[in-house]
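Novice: Pasting a structure below so you can have a look.
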Amino acid sequence: MSNKILIAYFSREGKNYVGGNIVDLPVGNTEVAAKMIEKLTDGELFKIDPLKKYSPDYHTCTDEAKDELRRNARPELKSYPDSLNSYDTIILGYPNWWGTMPMPVWTFLEKYDFSGKIILPFCTHEGSEMGCSEGDIKKACPGAKVKKGLAIHGADVKNAENGMERWLKSHGI
169 MSNKILIAYF SREGKNYVGG NIVDLPVGNT EVAAKMIEKL TDGELFKIDP LKKYSPDYHT
229 CTDEAKDELR RNARPELKSY PDSLNSYDTI ILGYPNWWGT MPMPVWTFLE KYDFSGKIIL
289 PFCTHEGSEM GCSEGDIKKA CPGAKVKKGL AIHGADVKNA ENGMERWLKS HGI
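If you count by this note's numbering, then the sequence shown holds residues 169 to 341, one letter each, in order.
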């Protein structure tokens with residue numbers, strides 16, 4: 169039996185904090201990483217895309233994200249996979265926002281039953297690594313096997329393919 173993989177990711181383009189500066193990213197760092205993983209695994213991509221866009225301004229976006237976290241919000245998504253039944257492994261990508269996953273990722277996780285699934289989390293960050301996101305995924309997805317995540321420094325994402333390949337191989341992918 170083959171291991172069918174879904175690469176579900178949240179990413180934000182626009183003004184982002186990268187390497188100590190605010191820069192305009194035409195493609196968010198997490199999306200860059202997700203597309204590298206797609207190439208390495210032949211997995212299927214699914215973008216976790218909130219119905220309401222975050223501000224393109226970095227500082228306004230961080231305020232919006234902090235407010236959502238404080239309110240424990242679950243922003244509605246533009247679309248959802250019909251089912252996750254055909255996938256054995258979910259590779260879950262997101263930027264580290266305020267020490268965990270952005271709230272649209274929570275919306276995605278709470279929509280499905282991940283019992284019996286393997287979840288491999290990866291995040292992009294500018295110094296905060298995985299934060300508490302691995303533990304948060306375990307709480308949100310009881311019954312799933314959440315494996316050791318990969319933290320990718322956002323400023324180095326374009327050169328992260330070798331590290332991603334090692335991480336995937338360490339998990340049998």
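C-beta atoms are modelled at their ideal positions from N, C-alpha and C, and glycine is treated no differently. Keep in mind it's a predicted model, so treat the numbers as computed, not measured.
#1: Can you name the start and end residues of the alpha helix (DSSP H) that Asn-330 belongs to?
#2: Going by the DSSP bridge assignment, what does Val-325 pair with across the sheet?
#3: Hey, is the segment 244-264 in contact with the segment 282-295, meaning 3+ C-beta pairs nearer than 8 angstroms?
#4: Taking all protein chains shown into account, do 16 or more other C-beta atoms lie within 10 angstroms of the C-beta of Glu-199, making it buried, or fewer, making it exposed?
#5: Does the segment 238-258 come into contact with the segment 216-223, if we say contact requires no fewer than three beta-carbon pairs (one atom in each stretch) closer than 8 angstroms?
#6: So Tyr-226 packs on Asn-184, CB below 8 angstroms; how close in whole Å?
#7: Where DSSP assigns a beta bridge to Trp-265, which residues make up the other side?
Specialist: Taking the coordinates as given:
#1: 329-338
#2: Paired residue(s): none; Val-325 is not in a bridge.
#3: yes
#4: By the neighbour-count rule (16 or more Cβ atoms within 10 Å), Glu-199 is buried.
#5: yes
#6: 6 angstroms
#7: Thr-268
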